[in-house]
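Here's the structure we're looking at; comments come further down.
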Amino acid sequence: MTTKEWIDLSDHYIMTTYKRFPIVLTRGLGVHVWDSDGRCYLDMVAGIAVCALGHAHPKVVEALKAQAETLFHVSNLYHIAPQILLARLLVENTLFDKAFFCNSGAEANEAAIKLARKYASENMKGRYELITMRGSFHGRTLATVTATAQERFHVGFEPLPEGFRYVPYNDLPALEEAVTEKTCGVLVEPIQGESGVVIPDSGYLKGIRRICDEKGLLMITDEVQTGMGRTGTLFACEQADVVPDMMTLAKALGNGFPIGALLATDKVAAAFVPGNHASTFGGNPLACSAALATLETLLGEGILENCRMVGEYFLSTLTELKGKHSVIREVRGQGLMIGVELTVPGADLVMKCMEKRLLINCANGNVLRFVPPLILTRQDVDKAVGILDEVLEEK
Ligand SMILES: *Cc1c(COP(=O)(O)O)cnc(C)c1O
Numbered sequence: 133m134t135t136k137e138w139i140d141l142s143d144h145y146i147m148t149t150y151k152r153f154p155i156v157l158t159r160g161l162g163v164h165v166w167d168s169d170g171r172c173y174l175d176m177v178a179g180i181a182v183c184a185l186g187h188a189h190p191k192v193v194e195a196l197k198a199q200a201e202t203l204f205h206v207s208n209l210y211h212i213a214p215q216i217l218l219a220r221l222l223v224e225n226t227l228f229d230k231a232f233f234c235n236s237g238a239e240a241n242e243a244a245i246k247l248a249r250k251y252a253s254e255n256m257k258g259r260y261e262l263i264t265m266r267g268s269f270h271g272r273t274l275a276t277v278t279a280t281a282q283e284r285f286h287v288g289f290e291p292l293p294e295g296f297r298y299v300p301y302n303d304l305p306a307l308e309e310a311v312t313e314k315t316c317g318v319l320v321e322p323i324q325g326e327s328g329v330v331i332p333d334s335g336y337l338k339g340i341r342r343i344c345d346e347k348g349l350l351m352i353t354d355e356v357q358t359g360m361g362r363t364g365t366l367f368a369c370e371q372a373d374v375v376p377d378m379m380t381l382a383k384a385l386g387n388g389f390p391i392g393a394l395l396a397t398d399k400v401a402a403a404f405v406p407g408n409h410a411s412t413f414g415g416n417p418l419a420c421s422a423a424l425a426t427l428e429t430l431l432g433e434g435i436l437e438n439c440r441m442v443g444e445y446f447l448s449t450l451t452e453l454k455g456k457h458s459v460i461r462e463v464r465g466q467g468l469m470i471g472v473e474l475t476v477p478g479a480d481l482v483m484k485c486m487e488k489r490l491l492i493n494c495a496n497g498n499v500l501r502f503v504p505p506l507i508l509t510r511q512d513v514d515k516a517v518g519i520l521d522e523v524l525e526e527k
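Numbering follows the working numbering, in which position 220 of the sequence shown is assigned residue number 352; successive positions increment by one, without gaps.
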């Protein structure tokens, strides 16, 4: 089938929840993907910050193959060996005690919201409200889209569930002021990804922890995008030197195999008892084997160091580019989560980069976002920045 035929079929049969680029991707290896016409692209989208080890990483492929030949699925009515091993490795590498597994970032946050309410119903009489941040993104289920404090995602879906209150990001006094007798916790991204890589002041997360401690609130960090090495440490909270009560993960956790997780301290996790929350597929053997191989590889092969080193090089190279092109307003990032804010909309630049075989995406209208595999090299950076330079030159 030709690319045009694929796209016509897609338009015919698939609901239009996405505005898609006019290519069909059929194969990937490392930091590259190929389309149905055989063209090769340098992939700085990586499935939206998902394929942290790159495409078709041999360790993950091997783990999935072996698990597929052994056992696909049994449900959580039984104990599942790869799920137990994954939970142990996550707990050993964080300051949390227990894990719950699901299938996406939205589900992980949904689980966190439910656990916060359950814990509050038993330990914080009358409190159920979560404070979330303007510009945040937490998912598309009714509860998580309501936690997402951006009205553009709410229009047409009212009535929204109760129990969320919004404050500006990176504003501790506003947060402190918003706490009422109904507040049970705070849900926050260490860096806002979908809003265009928005990085708060260095003391911000610590300040939230302090406010939560003073007022007896739960602190929940959404590390769906920042987690699994993206910012140069396994989790972004490590760099902020903060230990939340709960943390959510998804995106890179399975390197592309769908899986989400909620981690919590024993104290909070104890609020869930059998019957409170569940997922048929959550923690399924295939997903957990993929995630276990991903996490083991991430911890074992110098990938976090590479992410920090190449991330810094990427930032400095882009900062040089800023000196050359006044259309670049700001370059910011941590590890390999990088945003280039423009003074103009970024959509046509993304398209022109695609035509020159570089995949990037645009967040929040005017921020070019780079979230490549963490195995990226300096040569890959040079190539990408070279293409961006050409495209800006032509503008
Ligand atoms: C992508 C994302 C989500 C939603 O994850 P899905 O797997 O699409 O449901 C939630 N929170 C953050 C911070 C994200 O970046």
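Using N, Cα and C, we set each Cβ at its ideal position, and we do this for glycine too.
Cα-Cα separation between residue i and residue j, rounded to whole angstroms
i: D354; j: E428; result: 22 Å
i: I343; j: A310; result: 11 Å
i: F389; j: N302; result: 33 Å
i: T475; j: R464; result: 15 Å
i: A495; j: K257; result: 40 Å
i: M379; j: K230; result: 11 Å
i: L394; j: V459; result: 40 Å
i: Y336; j: A281; result: 18 Å
i: P293; j: V318; result: 17 Å
i: G471; j: L209; result: 43 Å
i: E462; j: F404; result: 44 Å
i: V287; j: A244; result: 24 Å
i: T226; j: I323; result: 19 Å
i: G518; j: L453; result: 9 Å
i: N241; j: E526; result: 42 Å
i: K338; j: P305; result: 13 Å
i: L481; j: S236; result: 30 Å
Residue i - containing alpha helix (DSSP H), residue span
i: N341; result: One point to set straight first is that residue 341 is Arg, not Asn, in the sequence displayed. Where R341 is concerned, the enclosing alpha helix (DSSP H) stretches over Y336 to K347.
i: G518; result: R510 to E526
Sequence-distant residues of the same chain with beta carbon closer than 7 Å to residue i, five excluded per side
i: A188; result: G160 and L161
i: R489; result: R171, C172, Y173 and L174
Segment limits, beta strand (DSSP E) that includes residue i
i: V499; result: V499 to F502
i: I352; result: L350 to D354
i: T530; result: Here the chain comprises residues numbered 133 to 527, so residue 530 is not present and cannot be evaluated.
i: V400; result: Here V400 belongs to no beta strand (DSSP E); instead the alpha helix (DSSP H) covers D398 to A401.
i: A368; result: Premise fails: A368 lies in the alpha helix (DSSP H), A368 to A372, not in any beta strand (DSSP E).
i: V318; result: T315 to V320
i: A495; result: N493 to A495
i: M360; result: Careful: M360 lies outside any beta strand (DSSP E) and carries neither H nor E.
i: T380; result: M378 to L381
Cβ neighbours of residue i in the same chain (closer than 8 Å, five flanking residues each side left out)
i: P417; result: Q199, T202, L203, F204, H205, V206, I212, A213, P214 and Q215
i: A181; result: G325, Q357, R362, K383, A384, M469 and V503
i: A195; result: S421, A422, L424 and A425
Proximal residues to residue i (C-beta, below 6 Å), its chain only, five neighbours per side dropped
i: A479; result: C494
i: I435; result: L506
i: K484; result: V523
i: C172; result: H164 and W166
i: L177; result: Here residue 177 is Val; the residue named in the question, Leu, does not match the sequence. Result list for V177: L491 and N493, in chain order.
Secondary structure, beta strand (DSSP E): runs of 3+ residues fully inside the stretch 406-489:
460-466 and 469-474
Every unbroken beta strand (DSSP E) inside the stretch 224-310 [3 residues or more]:
230-234, 261-265 and 296-299
Would you list, in sequence order, the uninterrupted beta strand (DSSP E) runs of no fewer than 3 residues that lie entirely inside the stretch 149-193?
DSSP runs (the beta strand (DSSP E)) wholly in the stretch 149-193: 157-161, 164-167 and 172-175.
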